[in-house]
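In the order they appear, the protein sequences are chains Y and P. Going letter by letter, the first sequence gives residues 120 to 443 in our numbering. Going letter by letter, the second sequence gives residues 2 to 346 in our numbering. This report concerns only the one structure given below.
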Amino acid sequence: MPTVAPLDLDGHCITAAFISDIPHFALADGTVHRLDQGHKTVEAHDGLLCAVANDARDRLLTGGEDGKALSLCADGNAETLAEAGRKWVSAIAAGPRGAVAFATGKTAHVRLPDGAVKSFDHPRTVEAVAFAPKGLRIAAARYNGATLHFPATAGKPVELEWAGAHIGVTFSPDGNFLVTAMQENALHGWRLSDGKHMRMTGYPAKVKSLSWGPKGKWLASSGAPAAIVWPFQTKDGPMGKPPLELGTRGDTMATAVAFHPTEEILAIGYGDGMVMAVRVADAKEILLRRPGQSAITSMDWDRDGRRIAFGSETGDCGVIDISG
Amino acid sequence: MADPQTQIPVTVLTGYLGSGKTTLLNRILTEDHGKRYAVIVNEFGEIGIDNDLIVESDEEIYEMNNGCICCTVRGDLIRTVEALMRRPGRFDAILVETTGLADPAPVAQTFFMDDDVRAKTKLDAVVALVDAKHLPLRLKDSKEAEDQIAFADVVLLNKTDLVTDDELRAVEATIRSINPSARIHRTQRSAVDLAAVLDRGAFDLSRALDNDPHFLDQDHEHSHEHDHVHGPDCGHDHHHDHASPIHDATVKSISLRGGDMDPKKFFPWLEKTTQMDGPSILRLKGIIAIKDDPERYVVQGVHMIIEGDHQRAWKDGEKRESRLVFIGRDLDEDRLRRTFEACQA
């Protein structure tokens, strides 16, 4: 039986993540909480906007309304990566070998592994940033498309155009596809080898959570009464193939998704706070957490795939142990 | 679903540079009215108050990728409002200050078209500040000044001390001719009872129009007292000019009146009209008497976005009458009037 260890916090959880195997919960008020032999708290920002684990999963990278980008260790110590004054650090992403990308207004910044920072200006606001899995390459999601930059070289940026506002971005783990989430309840994808478009539409709500399955075979998404899971097994991606709908609910929406690190099992968080695990192969569902006080906003599996840290809109967070 | 109990009200302040927006903002932020405001401004510089709930936001218009050219939202407001609403409890309401040149439509539409923003907030009213002395000039050289008046639920006719009574009457008649349904308040140095500006519920269908029992009554001879609130320096008579003065405006309002409507005709007509004329319609508001329906039906809209609902029962002695006003550009008045009247039961 799965067991839930609740952690009741006061505020909107932006990101739940395991850092050095310790569950961390970054709240919008700027506090970062962790469960490390008791509940410990760090006041990281005056208003936190984004947080993500680094590639080595031993740092939590955060950005805030105070214009700071920080790198937090599991012992609560923080390193300031950048200060942007009154500009908000509205998006942050982790890259290979300790590289960090973040966005302030219309500029995407990349802090290279050697600590040097490169900045790329855009005509419109950078809504989200993501690193490609290999090589130093970032994508900046923006109005009417996404721009690829190569911060380590002087290569020219690559513009990927598609009308509308793009508010989230992710590379496939094999680096062959770029997928954005849009303002108008859709995903858009590009096959990077030839720029071919992939339209993934039909969501009743904005897609706020995306998760790639093991080996990049699937892309799970929120924004519907079920988790919408697109097949990416072939070189054509999901084109011409219907997505799977896993964990369908009649009375609420999937608000957060997180694939198990090695198995084709998807954790789905819902608008009412419920969390389920669903196996892709047979759509078998296991209840992990009963409905709580508010929508699940973020989930993360630990390295072994035994525990899930989850955060919610009003702060009823916790850790699910599926091995029981 | 949006829960009206927890939705935070949003007031939008529009107005040209120098119309008195910053003065009004400073008053709202400093006066003791028991409410805390988060304020979204274009530039920190103008407000001389240190308050961590003042957020700067650069106007950024997003066209929705749905083939509708008037479906625009403000991307910057979506981001800022979402971030503010993730830390509730710090404020009771939000004020959005727009630049003098801002188009109010995307601002208003943000609060209807973005589901997340809509779930957490509700547009309370669009308040336009107008400089009594310079409005005639502004109307000559900009479309924005006109749009701001056309969009407003409340117009503060400010700096009345800088004009003569005749000029004031003329400017007020101009505002009326652009927007007959807005409340007009004459002010100096933006000194207005804040209750006239805040918590108006102008987009709240259960309250809208009920606030204004004389909705569309401007053409009635006896009803001028309600048109504006008298300020302390407002010692004037009320023989307002009835004729709309010639102004340089391209916006016009079309007020339609009729009896009981046949719902099988009226609703398809309203949908078709807003689909077809959406880009030309800046605002529409109406109270509709539906045949055999004991309740008033109220509608309001911005471009193609329309909302309607039953509001309350018609009161005893209240005349069952359908009233609808369109404010917009290039509207075909004859066609609207003819097709509206054809929807009568």
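Glycine is no exception: its CB is placed at the ideal position from the N, C-alpha and C atoms.
Item	Value
C-beta neighbour in chain Y for M262(P), strict 9 Å	no
is_contact[N67(P), chain Y] using C-beta, thresh 9 Å	yes
is_contact[W207(Y), chain P] using C-beta, thresh 9 Å	yes
Cβ-based burial, H158(Y) [other Cβ within 10 Å; buried from 16]	exposed
Proximity below 9 Å, CB of T416(Y) to CB of C132(Y)	yes
Nearest neighbour of C192(Y), chosen from L200(Y), A284(Y) and T374(Y) [CA to CA]	L200(Y)
Sequence-distant residues of its chain with Cβ nearer than 8 Å to V74(P) (five each side left out)	I62, Y63, M65, P107, Q110, T111, M114 and D115
Contact check, L189(Y) vs G182(Y), beta carbons under 9 Å	yes
Segment contact flag, the region 251-262 of chain P with the region 320-334 of chain P, C-beta cutoff 8 Å, min 3 pairs	yes
Bridge partners - E280(Y), DSSP secondary structure assignment	G264(Y)
With 16 other Cβ atoms within 10 Å as the buried cut-off, status of L26(P)	buried
Proximity to I9(P) [Cα-Cα], best of G309(P), I185(P), A192(P) and V40(P)	V40(P)
Contact the region 343-352 of chain Y vs the region 361-368 of chain Y: 3+ CB pairs below 8 Å	yes
C-beta neighbour in chain P for M301(Y), strict 9 Å	yes
Neighbour list for A84(P) in chain Y, Cβ cutoff strictly below 9 Å	A147, G166, L168, E184, W207 and S209
Residue ranges of each beta strand (DSSP E) within the region 249-324 of chain P, 3 or longer	252-259, 282-290, 296-303 and 306-314
The region 113-130 of chain P: positions lying closer than 8 Å to chain Y by Cβ	D115, D116 and D117
Chain Y contact residues for G76(P), given Cβ-Cβ distances below 9 Å	R243, T244, E246, Y262, A284, I286 and Q302
Under 7 Å by beta carbon: chain Y residues contacting Y63(P)	Y262, A284 and Q302
Within chain Y, the residues that R80(P) reaches when beta carbons sit closer than 7 Å	S209
Within-9 Å CB hit, D59(P) to chain Y	yes
Opening and closing residue of the alpha helix (DSSP H) in which R187(P) lies	Careful: R187(P) lies outside any alpha helix (DSSP H), inside the beta strand (DSSP E) at R184 to R187.
Segment contact flag, the region 9-18 of chain P with the region 396-409 of chain Y, C-beta cutoff 8 Å, min 3 pairs	no
Listed by chain order, chain P residues near A324(Y) by CB distance under 9 Å	D116 and D117
R87(P): contacting residues in chain Y (beta-carbon distance under 7 Å)	H131 and A147
Distance CB(V171(Y))-CB(A213(Y)) smaller than 9 Å	yes
Below-9 Å beta-carbon distance, G224(Y) vs any chain P residue	yes
Close beta carbons around D148(Y), own chain, < 6 Å, minus the five adjacent residues each side	G130
Residues near P264(P) in its chain [Cβ-Cβ closer than 6 Å; skip 5 each side]	I291
Residues near F239(Y) in its chain [Cβ-Cβ closer than 6 Å; skip 5 each side]	A227 and H268
Any 3 or more C-beta pairs closer than 8 Å across the region 84-95 of chain P and the region 289-299 of chain Y	no
C-beta contact flag for S254(P) and V300(P) at 9 Å	no
Cα-Cα separation, I280(Y) to G264(Y)	The amino acid at residue 280(Y) is misidentified as Ile; the sequence shows Glu. Approximately 4 Å, taken between the alpha carbons.
Residues sharing a beta bridge with H158(Y), DSSP	L154(Y)
Exposure label - T353(Y); buried when at least 16 CB within 10 Å	exposed
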